[in-house]
Each structure stands twice: as C-alpha cells, then as structure tokens.
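Trainee: One line per chain: the protein sequences are A and B, in this order. Residue numbers for the first sequence follow the numbering used here, so the first one is 6 and each next one is one higher. Residue numbers for the second sequence follow the numbering used here, so the first one is 57 and each next one is one higher. Where a beta carbon is used, it is the ideal one built from N, C-alpha and C, also for glycine. All figures in this text were calculated on a predicted structure; none of them were measured in a lab.
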Amino acid sequence: MTATRRHRQILVIIGTLLGIPVGAVAVGSEIHQVVQAERKFQTTAITIARGDLLRFANHDPYVHQIYVDTRNFAFESDLQPPNELVELRFPTAGVYQVMCHIHPTMRLTVTVQ
Amino acid sequence: MATPLFPACAALAALLSLVLGTTAMAGPYVAGNRSFPATPTTEDPFVADEFALSAKRTREASTPSSPTVRDTEIEAEIGKRLTQNLGLSFEGGYEIEDPVGRTNSYGFENFKATLKYQFFKNEAHESLATFGVKREFGGTGAARVDADTVGTTTPTFYFGKGFGDLGDRIAYLKPFAVTGVLGYQVADRRSTARPDLIIAGGSIQYSLRYLEGNVRYLGLPEFIERLTPLVEFSYSTPGTRSSGTTTTGVIAPGVIYSGNYFDIGLEALIPATRSAGTNVGFIANFHWRFDGILESVFFGDEP
Chain A
6 MTATRRHRQI
16 LVIIGTLLGI
26 PVGAVAVGSE
36 IHQVVQAERK
46 FQTTAITIAR
56 GDLLRFANHD
66 PYVHQIYVDT
76 RNFAFESDLQ
86 PPNELVELRF
96 PTAGVYQVMC
106 HIHPTMRLTV
116 TVQ
Chain B
57 MATPLFPACA
67 ALAALLSLVL
77 GTTAMAGPYV
87 AGNRSFPATP
97 TTEDPFVADE
107 FALSAKRTRE
117 ASTPSSPTVR
127 DTEIEAEIGK
137 RLTQNLGLSF
147 EGGYEIEDPV
157 GRTNSYGFEN
167 FKATLKYQFF
177 KNEAHESLAT
187 FGVKREFGGT
197 GAARVDADTV
207 GTTTPTFYFG
217 KGFGDLGDRI
227 AYLKPFAVTG
237 VLGYQVADRR
247 STARPDLIIA
257 GGSIQYSLRY
267 LEGNVRYLGL
277 PEFIERLTPL
287 VEFSYSTPGT
297 RSSGTTTTGV
307 IAPGVIYSGN
317 YFDIGLEALI
327 PATRSAGTNV
337 GFIANFHWRF
347 DGILESVFFG
357 DEP
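If you want it as structure tokens, here you go:
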C-alpha cells in the first residue's frame, strides 16, 4: 500500500468518525451568471461542474422566481425583485430544467458534469 | 335509456390513449406567460391532471309550502390526461339539506364524468379553447336530496383568454383574463318537467402576479401578489318547453390564492334571479395540480 493511499484511508476513517462526507466535497467552484431580461433567460442552455455556483441576475423591471423540480433535487427561490440575484448550486451531476413560476415560458437547461 | 354517446367517447379516449401514449407535458393551465387559476364556480377550459375539492353553503328562503333550507354540498373531482390535449374527469358530491324545524336529508349526488379535448391554444394571445361532453348518470345519487333519476348529456364549449396582448398604453389592463363555458344539457327523457337546459358561465379575473411579473413591479407582499380577485357568473335557462323550470342565475365575486401547485378560491354566491333564492351563500374550493408527478414517479424525470 502506498503512502498516499494509506493517508487517504486514514482521512476517510477520521472523516467518518467526525461525520464528514470526505468523498462528497464539491468539485467545482466557478461562478456562472445567467441574466434574466425581457422575461427570458439570456441563454437557453449552460454546462457547469458539480459544485459550481449558478447566479441569476434579474435585469427586468418585473419580478422573477427560480425553481427546479426533479426527483433528486428540488429548489424554490423566493420572489426575485428587479436587480436582485438568486444563487443556486447543484449537488449532483445530471441535466436539470430551471424554470420560473411567474413566466412559464422561461426555461434554462443546466447540464451538471 | 342512457344515451350511448358518452360510453362511445370514453372508449375512443381510451383507444387514443393507448395509441398515442401518455405524454408528460408541463403547464396545462398556461398560455404564453399567463397562468390561469382554477375557478370555483366556472369549469376550467384546461385538460389537466388535477384534484379539486369544494364546499358550498347556500340558504333557500322559506315559502308558504316549505321552511327555510340550509344546503351544504361537498364535491370532489379528479381529472387525468389521456394524451396532452385529451382528458377524462370524474366528479361526485355529498349533500346535506337542513330544513329549519324538520329532519335533515342527506345523501350522494349523481355521479358525473367529463371528457374534454383542447383543440386550440395560442401562446402569444394567451388564449385556448376546449370542447367537452359531460355525462350525469341519473339515479346514481340519493332521491332524498333530489338527485335526478333522469340522466343528462351536456356538450360544452370552454374558453380562456388573457389580455397580455393589449397595447402598452393600457398596460394595467393586461392582467385581466376571462374564462367561460357554454353548454346544452340534453335530458335522457325530455319532458316539460325535465327540459333541456342552456348553461352559461364565466369569470372575469385580474391577476396581481401577472401585474408584477409582466406589467410593473410594485413590491407587493408575496401573499397579496399571489391573489387573483375575480367575479364569476353562472346561468341556466330552459332550452325546450318547460313547466316550472325557470332561468337561474348566480353572481360570485371572490378571490383566489395561487400556490405553486394549488389554488384556493373563496366566493360569495349572490342570487341573480328569483329562482336562485334570496340569500347569499358561499363556496370554498381547493384545487391541486399534479401534472407530471405520476409520469415522474413511473418514468423518471425528463430534461
């Protein structure tokens, strides 16, 4: 057994004893911004890494809202007034639809790798 | 004898369902950026997966031959799409009649089923139209609450229209929307005592959510922003010669609170004709939209 593998096993054991999920550390940390304007997402699809931050910026003079509703991940933001941000992080890889309860035609496909 | 029209339509619907398959589609209550709430009094023009529960309380004034009667009706309806635009719903109710100074009468109302097909939708003009056939199965309810032994079939036209396509000079009218129904109820055994009926109804509604989301952000509290004030009306009048059946009309002002997946409506029921009584009643309605949930459970999420 190499020293690296031994160190990793020790870390996993310590993490388990302390209740820290060592293998579930976020692998991404970038920030991606999506603008909401003219009652649309200004992009229809985006690919991000697991753990990246997705930031929605309301550039409309209207209120918006953000939600995701899937079996393994659900998110409901509060109302998002003009010039305010909503931030969202996806915990697992997959393809998600981000939608707005107020504007049913708004739809953004997020691929999380 | 029951008309064979409804069983034929149900069989056709089942066949279409098998041929076309069930499709998971989002937002049957939606046309463009308009989300129509479910209205307590007027039947919706939507084909949807839905469950509705309503409670209605009215009071009929006394006449020389009968005392004042307090009437409570609890109704439930469940609807399921067979295809994206074709749906089948079932409806049943329980009624309690409480005549002052006399013994209560209670029992189930006649069982009903409706087949609907949405044949038109225009997203840009926030409009949609649906044709349906409602079948009331005579004799399935209790005679003691006046459930009719004669069944009826009602071909009905439903529509909905939002006014988001109005010009910006009258932008504050954009949150208005109307829905309506027009039907002709045919009795299985037509008589002067049980004539055919022309049934009409509609709603005029003003969505505060549409106002904040599409016209101008006013910073309303979220609870207020989710309200839709509305006025509904409902009329029926004999379409064939009748003895005793007259025009009945009700006007129902109220408000609907819309959650993300449900609507709760509350309305006063104001008699608009003499035969509708003289006292104001009320109706409360809970409507749950479960579109896509069953498909998600059985077939997984679709991106």
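Going by the beta-carbon positions, is the gap between A243 (chain B) and R250 (chain B) smaller than 8 Å?
Mentor: On the second sequence, position 187 is the one that residue 243 (chain B) refers to. On the second sequence, position 194 is the one that residue 250 (chain B) refers to. Closer than 8 Å, so yes.
Trainee: Within the same chain, show all residues whose beta-carbon is closer than 7 Å to that of P11 (chain B), passing over the 5 residues directly before and after it, in chain order.
Mentor: Lying outside 57 to 359, the shown extent of chain B, residue 11 (chain B) is not represented and no answer is given.
Trainee: Output needed in chain order: residues of the stretch 84–104 of chain B with a Cβ under 7 Å from some Cβ in chain A.
Mentor: Cβ contacts with chain A come from V86, G88, N89 and S91.
Trainee: Pick helix, strand or coil for G337 (chain B), following the three-state DSSP scheme.
Mentor: By 1-based counting over the second sequence, the position of residue 337 (chain B) is 281. G337 (chain B): strand per DSSP, three-state reduction.
Trainee: Can you tell me whether R158 (chain B) is buried or exposed, with buried defined as 16 or more other CB within 10 angstroms of its CB?
Mentor: Residue 158 (chain B) sits at position 102 when you count from the first residue of the second sequence. The residue in question, R158 (chain B), is exposed, as its Cβ has fewer than 16 Cβ neighbours within 10 Å.
Trainee: Buried or exposed: N89 (chain B), going by 16 or more other Cβ atoms within 10 Å of its Cβ?
Mentor: For this step, residue 89 (chain B) is matched to residue 33 along the second sequence. The residue in question, N89 (chain B), is buried, as its Cβ has 16 or more Cβ neighbours within 10 Å.
Trainee: Do T235 (chain B) and T97 (chain B) have their C-beta atoms closer together than 8 Å?
Mentor: To locate residue 235 (chain B), count along the second sequence from 1; it is residue 179. To locate residue 97 (chain B), count along the second sequence from 1; it is residue 41. No; because the gap between Cβ atoms is not below 8 Å, this pair is not in contact.
Trainee: If you follow the alpha helix (DSSP H) that F279 (chain B) is in, where does it begin and where does it stop?
Mentor: Position 223 of the second sequence holds residue 279 (chain B). Run containing F279 (chain B): E278 to E281, per the alpha helix (DSSP H) assignment.
Trainee: Is it true that the stretch 135–146 of chain B meets the stretch 115–124 of chain B, where meeting means three or more beta-carbon pairs spaced less than 8 Å apart?
Mentor: No, because fewer than three Cβ pairs between the stretch 135–146 of chain B and the stretch 115–124 of chain B fall closer than 8 Å, the two stretches do not touch.
Trainee: Quick check on N335 (chain B) - is its C-beta less than 8 Å from some C-beta in chain A?
Mentor: Here the question's residue 335 (chain B) lines up with position 279 in the second sequence. Answer no: the Cβ-Cβ gap between N335 (chain B) and chain A never drops below 8 Å.
Trainee: Are E147 (chain B) and E131 (chain B) closer than 8 Å when you measure CB to CB?
Mentor: Working through the second sequence from its first residue, we reach residue 147 (chain B) at position 91. Working through the second sequence from its first residue, we reach residue 131 (chain B) at position 75. Yes.
Trainee: Within 8 Å (strictly less), CB to CB, does N316 (chain B) reach chain A?
Mentor: What you label residue 316 (chain B) is simply residue 260 of the second sequence in a count that begins at 1. For N316 (chain B), the answer is yes, since a Cβ of chain A falls inside 8 Å of its Cβ.
Trainee: Kindly identify the DSSP beta-bridge partner or partners of P327 (chain B).
Mentor: In the second sequence, the residue the question calls residue 327 (chain B) occupies position 271. DSSP lists B:V306 as partners of P327 (chain B).
Trainee: Under the DSSP definition of a beta bridge, which residues are partnered with K45 (chain A)?
Mentor: Translated into positions along the first sequence, residue 45 (chain A) becomes position 40. Note: K45 (chain A) sits in a beta bridge opposite A:A42.
Trainee: Among B:V103, B:I260, B:T329 and B:I134, which has the Cα closest to the Cα of F176 (chain B)?
Mentor: Translated into the one-based positions of the second sequence, residue 176 (chain B) becomes position 120. For F176 (chain B), the nearest C-alpha among the options comes from B:V103.
Trainee: If I measure Cβ to Cβ from L274 (chain B) and keep anything under 8 Å in the same chain, skipping five residues before and after, which residues do I get?
Mentor: Residue numbering aside, residue 274 (chain B) sits at position 218 when the second sequence is read from its first letter. Once the five neighbours on either side are set aside, the close Cβ partners of L274 (chain B) are L267 and E268.
Trainee: Would you list, in chain order, the members of the stretch 239–267 of chain B that have their beta-carbon closer than 9 Å to a beta-carbon of chain A?
Mentor: Answer in chain order: R265 and Y266.
Trainee: Under 8 Å Cβ to Cβ from A169 (chain B), same chain only, skipping five residues before and after it: list those, please.
Mentor: Taking the second sequence and counting its residues from 1, the one referred to as residue 169 (chain B) is at position 113. Closer than 8 Å at the Cβ level, and outside the excluded window around A169 (chain B), lie F62, A66, L144, S145, F146, E147, K190, R191 and F193.
Trainee: Nearest CA to the CA of S247 (chain B): which residue from B:R200, B:S299 and B:T304?
Mentor: Residue mapping note: residue 247 (chain B) aligns to position 191 of the second sequence, counting from 1. The candidate whose alpha carbon is nearest that of S247 (chain B) is B:S299.
Trainee: Look up A227 (chain B) in the DSSP assignment and say whether it is helix, strand or coil.
Mentor: In the second sequence, the residue the question calls residue 227 (chain B) occupies position 171. Helix, per DSSP.
Trainee: Ignore the nearest five residues each way along the sequence and tell me which others in Y214 (chain B)'s own chain have a CB closer than 6 Å to its CB.
Mentor: The count along the second sequence starts at 1 and reaches residue 214 (chain B) at position 158. P101, T186 and V237.
Trainee: From the DSSP output, which residues share a beta bridge with S417 (chain B)?
Mentor: As shown, chain B starts at 57 and ends at 359. That puts residue 417 (chain B) outside it, with no answer to give.
Trainee: Could you list which residues in chain B have their beta carbon closer than 9 Å to that of R44 (chain A), in chain order?
Mentor: Numbered from its first residue, the first sequence carries residue 44 (chain A) at position 39. Near R44 (chain A) (Cβ distances below 9 Å), the residues of chain B are N89, G269 and N270.
Trainee: Between the C-alpha atoms of A50 (chain A) and A340 (chain B), what's the straight-line distance to the nearest angstrom?
Mentor: As a working mapping, residue 50 (chain A) is identified with position 45 in the first sequence. As a working mapping, residue 340 (chain B) is identified with position 284 in the second sequence. Cα to Cα, the separation comes out at about 42 Å.
Trainee: Using a beta-carbon distance below 8 Å, is L84 (chain A) in contact with chain B?
Mentor: Here residue 84 (chain A) refers to the residue found at position 79 of the first sequence. By this cut-off, L84 (chain A) is an interface position.
Trainee: For G337 (chain B), which of B:T114, B:S110 and B:D105 has the nearest alpha-carbon?
Mentor: Counted from its first residue, the second sequence places residue 337 (chain B) at position 281. Taking only the C-alpha atoms, the option nearest G337 (chain B) is B:T114.
Trainee: Per DSSP, V91 (chain A) forms a beta bridge with which residues?
Mentor: Along the first sequence, one-based indexing puts residue 91 (chain A) at 86. Paired residues: A:F61.
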